[in-house]
Amino acid sequence: CSSEPPSSDGGDGAEGGGDELISVGFSQVGAESGWRSANTMSIKDALTEENGFELSFSDAQQKQENQISAIRNYIAQGVDVIAFSPVVETGWDAVLEEAKGAGIPVVLTDRAVETTVEDAYVSFIGSDFVEEGARSGEWAVEQYDGEGYKVVELQGTTGSAPAIDRQQGFADAIEGSDLEVIDSQTGDFTRDGGKKVMEGFLTAHDDIDLVFAHNDDMGLGAVEAIEAAGMTPGEDIKIITIDGVKDGMAALAEGKFNYIVECNPLLGPDLAEVIQKTVAGEDVEERIVTQDEAFDQEGAKEALPDRQY
Ligand code: AHR
2 CSSEPPSSDG
12 GDGAEGGGDE
22 LISVGFSQVG
32 AESGWRSANT
42 MSIKDALTEE
52 NGFELSFSDA
62 QQKQENQISA
72 IRNYIAQGVD
82 VIAFSPVVET
92 GWDAVLEEAK
102 GAGIPVVLTD
112 RAVETTVEDA
122 YVSFIGSDFV
132 EEGARSGEWA
142 VEQYDGEGYK
152 VVELQGTTGS
162 APAIDRQQGF
172 ADAIEGSDLE
182 VIDSQTGDFT
192 RDGGKKVMEG
202 FLTAHDDIDL
212 VFAHNDDMGL
222 GAVEAIEAAG
232 MTPGEDIKII
242 TIDGVKDGMA
252 ALAEGKFNYI
262 VECNPLLGPD
272 LAEVIQKTVA
282 GEDVEERIVT
292 QDEAFDQEGA
302 KEALPDRQY
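Going by mature numbering (1 follows the signal peptide of the UniProt record, and there is no 0), the letters in the sequence shown line up with residues 2 to 310, in that order.
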């Protein structure tokens with residue numbers, strides 16, 4: 002642990018107490034979406050000096066190589082704990098082995114990794130993305146009954162856990178139904194990416210019934226593209242998204258989206274607890290699944306005034 006003593010609860014430093022700050026290196030995916038901004042804020046709010054942490058935070062701008070070099074820097078600095086939200090699922094074995102070799106515990110937040118390294122991380126905190134895709138697909142199946150309905154899919158970042166899992170969950174849920182995914186491309190979880198890909202879908206297909214967007218931001222980009230093409234989002238073309246950030250919930254309340262499956266970004270408090278327990282040598286849960294809700298248009302109208310992010 003680093004040597005700076007934390008101020009005790011009152012914060013006037015009078016008592017001392019001998020506790021030391023826990024140094025944490027956190028490598029974030031980027032700032033690609035409203036969800037990500039809320040997630041970053043939650044982590045920074047939880048890992049404060051007042052709470053006993055010394056946080057080094059880095060933004061990888063959606064690039065795995067940036068995350069790997071940030072993690073190597075944290076290893077070189079000898080932080081107490083490394084936490085990161087991996088941009089993509091694979092390609093982490095070498096750096097995870099290095100962290101393990103240095104005796105630095107790793108905590109994953111938000112996204113999973115696929116690794117052959119044994120005991121590569123102490124805990125993985127985040128949503129069940131397969132379930133999010135499945136809930137989106139189940140809702141879609143309930144809405145459509147009859148002839149073949151055409152779905153286009155705006156995928157998240159290629160190779161990322163949420164893109165892989167949400168696609169899988171949705172595909173499984175609509176299998177054997179009246180819905181068919183006729184096109185699926187990545188919009189990289191950004192509003193601009195969603196808009197561009199949707200423009201391409203609208204040029205290539207004149208019979209789209211439904212958009213399944215892997216996050217709110219891409220769905221909001223799709224809204225822009227649909228409106229620019231002279232159609233009404235939410236009516237001419239229905240839209241399902243995942244996240245439930247304020248802008249997405251506002252679009253749902255306004256009738257431009259039709260359904261949102263929430264992905265809770267407020268992972269900071271769980272991360273803080275896992276780190277504290279790990280440093281104290283206590284057992285932690287290997288998998289902490291965040292609880293998510295789902296909203297239709299009426300639900301969004303009710304929830305919007307109290308939405309934190
Ligand atoms: O990994 C979580 C996903 O990443 C969110 O759904 C998306 O908005 C973000 O960019």
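Just so you know, even glycine gets a beta-carbon here, dropped at the ideal spot from N, CA and C.
Just so you know, these numbers come straight off a predicted model, no measurement behind them.
Comparing alpha carbon positions, the residue from Thr191, Met250, Gln65 closest to alanine 32 is Thr191.
In the three-state reduction of the DSSP assignment, glutamine 62 falls in the coil class. In this structure, the beta-carbon distance from phenylalanine 213 to phenylalanine 171 falls below 8 Å.
Closer than 7 Å to some heavy atom of ligand 1: that describes the Cβ of glutamate 33. In the DSSP assignment, glycine 300 falls outside any beta strand (DSSP E) and within the unbroken alpha helix (DSSP H) covering 298-304. A straight line joining the alpha-carbon of tryptophan 36 with that of serine 57 spans about 21 Å. Ligand 1 has no heavy atom closer than 7 Å to the beta-carbon of asparagine 67. Taken in chain order, the unbroken stretches of alpha helix (DSSP H) that lie wholly in the segment 153-212 and span 4 residues or more are 162-175, 192-205.
Around the beta carbon of arginine 167, 16 or more other beta carbons lie within 10 angstroms, which makes this residue buried. With a contact defined as Cβ atoms closer than 8 Å, leucine 221 and isoleucine 238 miss out at about 14 Å. For ligand 1, no non-hydrogen atom lies closer than 7 Å to the CB of phenylalanine 27. By the Cβ criterion, the segment 146-163 is not in contact with the segment 98-106, since fewer than three pairs of Cβ atoms, one from each stretch, lie closer than 8 Å.
Classified as exposed, glutamine 309 has fewer than 16 neighbouring CB atoms from the shown chains inside 10 Å of its CB.
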